[in-house]
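Note that full-length UniProt numbering has the sequence shown beginning at 1, numbered continuously upward.
Have a look at the structure below before the remarks.
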Amino acid sequence: MALIPRSPTIPIEQGDKVMHMLAFFTLGGLAAAGWRASPALLLFASLGIFGGAIEVFQAIPALHRDADWYDWIADMGAAALAIAAVRIVLPRQ
Numbered sequence: 001m002a003l004i005p006r007s008p009t010i011p012i013e014q015g016d017k018v019m020h021m022l023a024f025f026t027l028g029g030l031a032a033a034g035w036r037a038s039p040a041l042l043l044f045a046s047l048g049i050f051g052g053a054i055e056v057f058q059a060i061p062a063l064h065r066d067a068d069w070y071d072w073i074a075d076m077g078a079a080a081l082a083i084a085a086v087r088i089v090l091p092r093q
């Protein structure tokens, strides 16, 4: 959904940010649970690169999307919360 020409509309204010946060909370949680031995900073940086790449690609005019670096900030906040939550709940291996 991140790179389709038109994103689906959400009937709430700031729906795009909510979608970004849900997606990256899920990705962060899965990454932290799946790679428990990896440093949290590495997981966070990897998700940061991925989120940044999405915003760069959304800036391509042919996609008719808008790149918004506040989306990236929302991505990183949600990823950090998820990684921290998983690290608290599940012990590192």
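Each residue gets a CB set at the ideal place from its N, CA and C atoms; glycine is no exception.
Exercise. For D66, does the count of other Cβ atoms within 10 angstroms reach 16, so buried, or fall short, so exposed?
Worked result: Position 66 of the sequence shown, counted from the start, is the residue given in the question as residue 66. With fewer than 16 Cβ atoms within 10 Å of its Cβ, D66 is classed as exposed.
Exercise. Under the three-state reduction of DSSP, which class applies to L90: helix, strand or coil?
Worked result: Your numbering for residue 90 matches position 90 in the sequence shown. The three-state secondary structure of L90, taken from DSSP, is coil.
Problem set entry | Beta-carbon contacts of V56 that lie in its chain and below 8 angstroms, excluding the five residues immediately before and after | One-based indexing of the sequence shown puts residue 56 at position 56. Same-chain partners within the cutoff: A67.
For this session: Compare the C-alpha of F25 against each of A80, G34, I54 and L90 and name the closest.
Result: Mapped onto the sequence shown, residue 25 falls at position 25. Out of A80, G34, I54 and L90, A80 has the C-alpha closest to the C-alpha of F25.
Exercise. Tell me which same chain residues have a C-beta within less than 7 angstroms of the C-beta of W69, skipping the five on either side of it?
Worked result: Against the sequence shown, residue 69 aligns to sequence position 69. Excluding sequence neighbours, W69 sits near E55.
Exercise. Which residue from K17, A62 and L41 puts its Cα closest to that of R87?
Worked result: For the purposes of this step, residue 87 is identified with residue 87 of the sequence shown, where counting begins at 1. Scanning K17, A62 and L41 for the CA closest to the CA of R87 turns up L41.
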